[in-house]
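Chemist: Chains as they are written, first to last, in my numbering: chain A, 187 to 513; chain B, 187 to 513; chain C, 20 to 358; chain D, 20 to 358.
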Amino acid sequence: MGQINLLQAVHDALREEMARDERVFLLGEDIGAMGGVFRTTVGLLEEFGEERVIDTPLAESAIVGVAIGASVNGMLPVAEIQFADFIYPAVNQIVSEAAKWRYRTNGAQGCPIVVRAPYGGGVHGGPYHSQSVESLFFGIPGLKIVVPATPYDAKGLLKAAIRDPDPVLFFEHKKSYRLVKGEVPDEDYVVPIGKARVSRPGRDLTLVAYGLMAHYSLEAAEAVAEDGIDVEVVDLRTLAPLDTEAILESVKKTSKVLIVHEDNLTGGVGAEVAALVGQEAFDYLDGPITRLASPDIPAMPFSAALEEFAMPTADKIKQALRDLAAY
Amino acid sequence: MGQINLLQAVHDALREEMARDERVFLLGEDIGAMGGVFRTTVGLLEEFGEERVIDTPLAESAIVGVAIGASVNGMLPVAEIQFADFIYPAVNQIVSEAAKWRYRTNGAQGCPIVVRAPYGGGVHGGPYHSQSVESLFFGIPGLKIVVPATPYDAKGLLKAAIRDPDPVLFFEHKKSYRLVKGEVPDEDYVVPIGKARVSRPGRDLTLVAYGLMAHYSLEAAEAVAEDGIDVEVVDLRTLAPLDTEAILESVKKTSKVLIVHEDNLTGGVGAEVAALVGQEAFDYLDGPITRLASPDIPAMPFSAALEEFAMPTADKIKQALRDLAAY
Amino acid sequence: MTTTERRLRTPTHEALGLTADDLLSMYTVMRLARALAERMWLLQRGGKTPFAVTAEGHEGVQVASAWALDRGRDMVLPYYRDLGVVLAVGMSAKEVMLNALGRAADPNSGGRQLPGHWFHAELNIVSGSSPVATQIPHAAGIALASKLRGEETVTAVYFGDGATSAGDFHEGLNFAGVHRLPVVFICENNGYAISVPSSKQAAVEDLAVRAAGYGFPGVTVDGNDALAVYGATREAVERARAGEGPTFIEAKTYRLAPHTSADDDRLYRSPEEVEAWRRRDPIERLRAYLIEWDLLDKRKDEAIGATVVEEVEEAVRLAEASPEPEPESALQHVFYEKG
Amino acid sequence: MTTTERRLRTPTHEALGLTADDLLSMYTVMRLARALAERMWLLQRGGKTPFAVTAEGHEGVQVASAWALDRGRDMVLPYYRDLGVVLAVGMSAKEVMLNALGRAADPNSGGRQLPGHWFHAELNIVSGSSPVATQIPHAAGIALASKLRGEETVTAVYFGDGATSAGDFHEGLNFAGVHRLPVVFICENNGYAISVPSSKQAAVEDLAVRAAGYGFPGVTVDGNDALAVYGATREAVERARAGEGPTFIEAKTYRLAPHTSADDDRLYRSPEEVEAWRRRDPIERLRAYLIEWDLLDKRKDEAIGATVVEEVEEAVRLAEASPEPEPESALQHVFYEKG
Ligand SMILES: Cc1ncc(C[n+]2csc(CCOP(=O)(O)OP(=O)(O)O)c2C)c(N)n1
Ligand SMILES: Cc1ncc(C[n+]2csc(CCOP(=O)(O)OP(=O)(O)O)c2C)c(N)n1
Ligand SMILES: [Mg+2]
Ligand SMILES: [Mg+2]
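As structure tokens, then:
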């Protein structure tokens, strides 16, 4: 058991899965000699060779398309999209092909690929290196979507994703890579896909979040605890399939819900959580279903002043918690 | 004033806008000599020539990318994607480029393209000729999304879309093309983007829908009126920007809401409507926020038996209305 | 041809290593493809299915190219028009008809996809979708997997001329070129993408010239000359199997029927043009060759015709008697389901 | 070169129709690009901006190719590395520095985009994003619009070698080929896409061979030879203006600095390799030519250096004094706003 950061957790999961199963291989841009622009694949080329750590041409549709082909021919490819912002050229392969493969073969064949991509803002990356892209894929039947918040979850969920028989999109918050540290056991383990985690139990109010926002939410929850507001934080971990049970169980207990995400407000995952609560926990509700998210702009601008304005922060979450608690 | 079908309304809007403004031109697959696989562009090649009705190579990213380029160089392109199911290769151009152009130029330049695409099921098209793709684009800041239900709205909204300074996705339900008829005035008119329409006033319950489902909803509303349930039907017409005012006004009046769409349930536009109501009309609500949609499968299968099972119908809507009214 | 003349020349098929039996089987499969296609139109017009997509005119390129593959070992990615390809690698007429009528027992997708969207795990036929060109990167990935495991499997991927304009065509060929993958890219260039003619699809006469941009050979063959197609494909398959990388084969042909049952081809091409190509029918051409070399006579040909018709009718009977999928089964198999 | 030798030959620049003044201006812009780049590194390392992307080594292809355009008439689509291009078509050092520091007055995007993401409506510089290759279809569309209006405008679009692997490269070139559009495609092939070397990007030696697949000429030039680049581009621009369609120019060059401030190029290339290319610096090469032809001497060169430095320092001063954007302005301009 040791303290590692999220970057290391991702790295270790890849390394261990490659060592464990010959079918696992990596493909993406700059993942070889360079070890990835974020350094998540450092050392893997040296350890596993060029055949299993493939630096691809600059072609995201091919990265995913080749992964799909390899996966239906017995391999377990892990594709890296250098920034989530560059996943769009691969949308056709992901949505038309990977997501529908099992359905269209009437269950006879699956498409066990993992597509990893660093997402999120707060890193002065401008609108094309800061996006949260999960809402675009959320609700596409046939896709699993994972967004780990902690090193423990990142490692365990990435292993689960690689072993999963269906396609998994795995989004890693790039600001979390070095910022977020945590305990990770030495032995092999997986964290099941599709299960949320109560990262802080509480009685007064449910706060649903994921990714970097799960941390900011915990921070905000601790802060308002001093004002006597006891917040339960549900870290979704998996967005699809959504752990509806965990959400409903918490909301039915607390009667109030705040949903937080970094993705822009409209059409975000928060909308589905809100809809779920509004339909299935209606009778338990004691206050408006509340969302806090980035404004509806095309991701964070480069200028620090603009970016700070756009990012949800622990302070903004605190305020929303106080408002809702006071309702 | 005459009765025309939705197909004719789309055709007439294109023709009139091309006659009205030299900057308008069309590009897409099979739109020239053939007049479009659905025959929406019949006669336009003959009338306006090959330069303004361009049969493109089979390349959706180029169709949209070329349209974007032409639009920032003074033209008003209307791109056709042959089936909405084939819009995915163009997602990068739509989301990274068209949607963000004005924002990234700090307001200095817009990208006035229209992307038209026939969507929807019930036509034995199988999973790749039946999809509703709006939820993928919904919530992408910078995109307007229009889904007309009637010939009047189709014509007026398409004209508005062509004249709009920003990119508009225009989805036409392919089953409505010949099925849906209605009155359309002879003189030029536009229907403003961003405004919903109460297509049936009622007191007991609000039913929010769009596209083909707006018709099925009206049908269901009339049917349950005989049981004394007075349903107000709100036809969204525009999905983005969503007419939040119209939705809230109706729900605050009726206290109950059923949201219906053909797109699959999870992550659909209905989730955002539900979230809006759950936050902004919470105090007015008298029953759970209810959604009815296609199941979470990758669009309708080909077999008639499977397709019927998957499509929302007037009967299914009736049942949902009765259940909610009885709550 | 006189007997003496015949004695003086080596027949093309022998030069290509095909026995007379091979060639007759190939011919029979081409006729089966044609007969199935014609029956599909009847079923569609008779309201037995809402949709049909057929391949009349493409039988030469489809059957002869697939004939060069090692059945059951090589991987095949057909596109929606490739009825002849799937028959050549072993799909039965019955399976084709189960697909055409969307029955639960259809091995391709159990009635979920449109007819012509092929899949058959046992025959190494890889599942295809409707969006054009997506299968091209898949082929590269499949071949990459074979290569990573050190297998000598070859992957053949099919597509039309329209597909060559799509980004995935480029990305897939480029990837295969960089990794020298054992793939044969087979373009059935029928001069149209639905109504869009070649001149609006690309500014080159021969699409095969593009292969040079990916660092591997490209050849253009007469797609209505089954023997020429077979020869070109065999060579490409051998190169691939020997680790020498991909080949791009452009087979020029023509679609004698409308694009699909949803199309009216009179809107964009003349009856004269169609008629001219009908005279170059690949089946007639192979028949003439067989007769020329005394491998076939009228009686034998009629017998083949009768067998083929019987096979088709039997397939239709069985398929029509086969049940539709259960409505609720529409919910299944979005994800892996245990058990 | 002796005076006699000189008298016997026509200087290359004259053969290309460039005056001595032209050439000196071109040289000055190349030096300005270099000086700005070097200053950007200092600003980034000094914490004045979190990000820098520069073009050392690319000045030859960038400045000389843009020099062949009709400024203010032709349309230009640079990519993020094209500091030299935007300077050549008229962007000022101050505007570049406003961009580098993300100030509200930055004409490129008012601090919204990363530095190097160019836009200048008055200079016909078309807005570019980060996703690689998307600008290539835009160029086709821009040229299509010019053609539809009967204008003789030429569109020049720039991209790196990595971009040639993307689907949009293929789709854009194909579209331009089919419509014989007035576009010049300029590939700055520096042998790397970040760390990925040419050998893993494509299986061909010269990317220019791909043009044949789109039905128009492709040429490979030495990108560090400004005069060769100018010549090739001028010819392509003339062809385009005369309605003869597109040209693909591949200029081979090298990036002397890391990819961006976020890169560590020692991870994927040797100091020896960088050093070897440093000896082929396009600025040095043009300087040598100018000196050879007596168009420049040490004194004059130093004066140019001094002017350039002054211009850069003044630009930095003005940009640093210029205000940041207002936080709330982040919400503006998602859609058109009246007034
Ligand atoms: C990405 C995509 N765009 C459009 C279509 C609609 N479509 C179906 S087939 C076709 C033409 C294909 O032509 P080609 O590749 O030449 O094959 P052919 O049908 O001629 O054999 C088109 C445009 C599609 N299926 N996929
Ligand atoms: C679609 C896409 N994928 C990945 C990236 C990340 N990325 C930025 S620049 C770059 C390399 C580009 O190389 P090249 O086109 O050769 O241009 P150069 O930087 O060498 O001038 C990559 C992979 C991107 N910006 N866009
Ligand atoms: Mg074709
Ligand atoms: Mg490069």
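All C-beta atoms, glycine included, are put in the ideal place defined by N, C-alpha and C.
Pair every Cβ in the segment 415-422 of chain B with every Cβ in the segment 279-295 of chain B, then say whether three or more of these pairs are closer than 8 angstroms.
Modeler: No contact exists between the segment 415-422 of chain B and the segment 279-295 of chain B.
Chemist: Indicate whether C:Met49 and C:Glu78 have their beta-carbon atoms separated by less than 8 angstroms.
Modeler: yes
Chemist: So, using beta-carbon positions, are A:Pro263 and D:Gln220 closer together than 8 angstroms?
Modeler: no
Chemist: Does any residue of chain A have a CB that is nearer than 8 angstroms to the CB of B:Pro484?
Modeler: yes
Chemist: What in chain D is Cβ-close to A:Tyr274, meaning under 9 angstroms?
Modeler: Pro150
Chemist: Is C:Lys319 buried or exposed, if buried means 16 or more other CB atoms sit within 10 Å of its CB?
Modeler: exposed
Chemist: For ligand 4, is there a heavy atom less than 7 angstroms away from the beta-carbon of D:Tyr98?
Modeler: In this structure, ligand 4 has no non-hydrogen atom nearer than 7 angstroms to the beta-carbon of D:Tyr98.
Chemist: I'd like the list of long-range same chain contacts for D:Arg199, defined as Cβ closer than 6 angstroms, with 5 residues on each side in sequence excluded.
Modeler: Gly264
Chemist: Taking C-alpha atoms, which residue in B:Gln194, B:Pro327, B:Glu203 and B:Phe234 lies nearest to B:Asp374?
Modeler: B:Glu203
Chemist: Note down, in chain order, every chain B residue with its Cβ under 7 angstroms from the Cβ of A:Glu458.
Modeler: Thr452, Gly453 and Ala457
Chemist: Helix or strand or just coil, what does DSSP make of C:Pro344?
Modeler: coil
Chemist: DSSP beta-bridge partners for C:Thr174?
Modeler: C:Met94 and C:Val202
Chemist: Given a cut-off of 8 angstroms, decide if A:Tyr314 and A:Phe357 are closer than it, judged by their beta-carbon atoms.
Modeler: By the CB criterion at 8 angstroms, A:Phe357 and A:Tyr314 fall outside the cutoff.
Chemist: Could you tell me whether the Cβ of C:Val335 comes closer than 8 angstroms to any Cβ of chain B?
Modeler: no
Chemist: Counting along the chain, where does the alpha helix (DSSP H) carrying B:Lys330 start and finish?
Modeler: Element bounds for B:Lys330: not the alpha helix (DSSP H) but the beta strand (DSSP E), Lys330 to Val332.
Chemist: By Cβ distance, which residues of its chain are closer than 6 angstroms to D:Gln63, with the 5 residues on each side in sequence left out?
Modeler: Ala71 and Ser280
Chemist: Any residue with its C-beta under 6 angstroms from a non-hydrogen atom of ligand 4 counts. Can you list them all in chain order?
Modeler: D:Gly179, D:Asp180, D:Gly181, D:Asn209, D:Tyr211 and D:Ala212
Chemist: List the residues of chain A whose Cβ lies closer than 8 angstroms to the Cβ of D:Ile213, in chain order.
Modeler: Glu215, Asp216, Met220 and Val223
Chemist: Rounding to the nearest angstrom, what Cα-Cα distance links B:Pro474 and B:Glu466 in this structure?
Modeler: 14 angstroms
Chemist: Assuming A:Ala479 contacts A:Gly453 under a Cβ cut-off of 8 angstroms, what Cβ separation, rounded to an integer in Å, is found between them?
Modeler: Rounded, the Cβ-Cβ distance is 10 angstroms, inconsistent with contact.
Chemist: Whole beta strand (DSSP E) runs in the segment 94-177 of chain C with 3 or more residues, listed along the chain?
Modeler: Considered as a whole, the segment 94-177 of chain C harbours 94-96 as its complete beta strand (DSSP E) runs of no fewer than 3 residues, in chain order.
Chemist: Considering only their Cβ atoms, is the gap separating A:Ile379 from A:Val446 smaller than 8 angstroms?
Modeler: no
Chemist: Please tell me whether, using a cut-off of 7 angstroms, the distance from the CB of C:Pro126 to the nearest non-hydrogen atom of ligand 1 is below it.
Modeler: no
Chemist: I believe D:Pro156 touches D:Glu190 by the beta-carbon criterion, under 8 angstroms. Please report the beta-carbon distance rounded to the nearest angstrom.
Modeler: Between D:Glu190 and D:Pro156 the Cβ distance is about 6 angstroms, and since that is below 8 angstroms, they are a contact.
Chemist: Report the neighbours of D:Tyr233 on chain C: residues whose CB is nearer than 8 angstroms to its CB, in chain order.
Modeler: Ala221, Ala222 and Val223
Chemist: Could you give the uninterrupted runs of the alpha helix (DSSP H) lying entirely in the segment 351-426 of chain B, keeping only those of 4 residues or more?
Modeler: Scanning the segment 351-426 of chain B for uninterrupted alpha helix (DSSP H) segments of 4 residues or longer gives 362-365 and 398-411, listed from N- to C-terminal end.
Chemist: So which residues on chain F does A:Gly328 lean against when the C-beta distance must stay under 7 angstroms?
Modeler: In summary, chain F is missing from the structure at hand, where the protein chains are A, B, C and D.
Chemist: Among D:Leu337, D:Leu305 and D:Glu343, which residue has its Cα nearest to the Cα of D:Ser111?
Modeler: D:Leu337
Chemist: May I ask whether a heavy atom of ligand 1 can be found less than 7 angstroms away from the beta carbon of B:Leu244?
Modeler: Because some heavy atom of ligand 1 lies under 7 angstroms away, the Cβ of B:Leu244 counts as near it: yes.
Chemist: Beta carbon of C:Val293: closer than 7 angstroms to some heavy atom of ligand 1?
Modeler: With a cut-off of 7 angstroms, the C-beta of C:Val293 is classified as distant from ligand 1, since no heavy atom of the ligand falls inside that distance.
Chemist: Any beta-carbon of chain D closer than 8 angstroms to the one on C:Ser217?
Modeler: no
Chemist: Who are the Cβ neighbours of B:Lys438 in its own chain at under 7 angstroms, not counting the five residues just before and after it?
Modeler: Ala467 and Tyr470
Chemist: Across the segment 334-348 of chain C and the segment 113-122 of chain C, are there enough close Cβ pairs to call them in contact, namely three or more that are closer than 8 angstroms?
Modeler: yes
Chemist: Do C:Ser217 and C:Asp180 have their C-beta atoms within less than 8 angstroms of each other?
Modeler: yes
Chemist: Along the chain, where does the beta strand (DSSP E) that runs through B:Ser282 open and close?
Modeler: It is not in any beta strand (DSSP E) - B:Ser282 carries neither H nor E in the DSSP assignment.
Chemist: Rounded to whole angstroms, what's the CA-CA distance from D:Phe46 to C:Gly186? Just pull it up for me.
Modeler: Note that residue 46 of chain D is Tyr in the sequence shown, not Phe. About 39 angstroms.
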